[in-house]
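Okay, structure first, notes after.
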Amino acid sequence: MHLHQLLVLLVVAVACTQASRSLSRPVRQYSGNSGVGYRSGSAGRLSSGSSRSRTSEIKRCIDIHEVANGQTVCGFSGCRMRCLPGYSFIETESERTRTVMLSCDHNTGDMKFRGEIWNPAMTVCSPLCQKTCENGGRCVAPNKCECRGPYTGDTCSEEPMLGDQPYRGYQPNSLFLNQRRVECK
């Protein structure tokens, strides 16, 4: 045989070996009926050995359902969660982000977030207020503060009117008609 024929034969042998390996890998399937998630399984394996030995080592991760005020997309390696505009995940006290990644640990079947086993409380899409809610108010929707006590306004910074301003139902003549007197101490 010539060198050229040997090289062609070698390339064909390598291609056939790689093709047979790809047929014995587990097939990823999206489980659309049970929320957003996935499962691993084997379908149509052509290898003659134990067809379950390789797939039984891979554990499926839990299904991730939709996050409130966000979207979730899952694949074989994990899930990407994204908050809708006007919302974000609270990463730390000073940092916010709209997207987080969860990774699937195929040894345990657990979803992981920052190296810890994930639970839904770790990834909550919270509303964003461009201006800080003041006086104990809290952000309840994008750019919407819920105010506490007597405070009002977009950022809970407006105090109730005190001092020289009369209350809304005040009528000067009624004080004289009833002969009542108002004193401030």
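Just so you know, the sequence shown maps onto residues -19 to -1, 1 to 166 in mature numbering (1 follows the signal peptide of the UniProt record, and there is no 0). The C-beta atom is built at its ideal place from N, Cα and C for all residues, glycine as well. Fair warning: this is a prediction, and the values are worked out from it, not measured in the lab.
Alpha carbon of residue i to alpha carbon of residue j, nearest angstrom
i: Phe57; j: Ser84; result: 9 Å
i: Val54; j: Arg119; result: 30 Å
i: Glu97; j: Pro108; result: 25 Å
i: Cys126; j: Asn88; result: 44 Å
i: Met82; j: Cys128; result: 34 Å
i: Arg77; j: Phe70; result: 6 Å
i: Asn124; j: Glu38; result: 48 Å
i: Thr113; j: Gly134; result: 12 Å
i: Tyr68; j: Ala102; result: 15 Å
Proximity to residue i [Cα-Cα], best of the options
i: Ala122; options: Cys106, Cys60, Trp99; result: Cys106
i: Arg41; options: Asp135, Gly96, Met92, Val81; result: Met92
i: His46; options: Gly117, Gly96, Arg129, Asn100; result: Asn100
i: Cys110; options: Thr80, Pro66, Thr104; result: Pro66
Same chain, Cβ closer than 8 Å to residue i, neighbours up to 5 away in sequence not counted
i: residue 208; result: Here the chain has residues from -19 to 166 only, and residue 208 is not among them.
i: Pro131; result: Glu140, Pro141
i: Arg49; result: According to the sequence provided, residue 49 is Ala. The question's Arg does not apply to it. Contacts found: Val105, Cys106.
Same chain, Cβ closer than 7 Å to residue i, neighbours up to 5 away in sequence not counted
i: Glu115; result: Thr136, Cys137, Ser138
Sub-7 Å separation of residue i and residue j beta-carbons
i: Cys60; j: Gly51; result: no
Cutoff 6 Å; reference residue i; Cβ partners in own chain excluding five residues on either side
i: Asp86; result: Lys93
i: Thr80; result: Arg63
i: Val17; result: Unreliable placement is indicated for Val17, whose pLDDT of 39 sits below 50; the coordinate value is still reported in the next sentence. Ile45, Thr53, Cys55.
i: Gly117; result: Arg129
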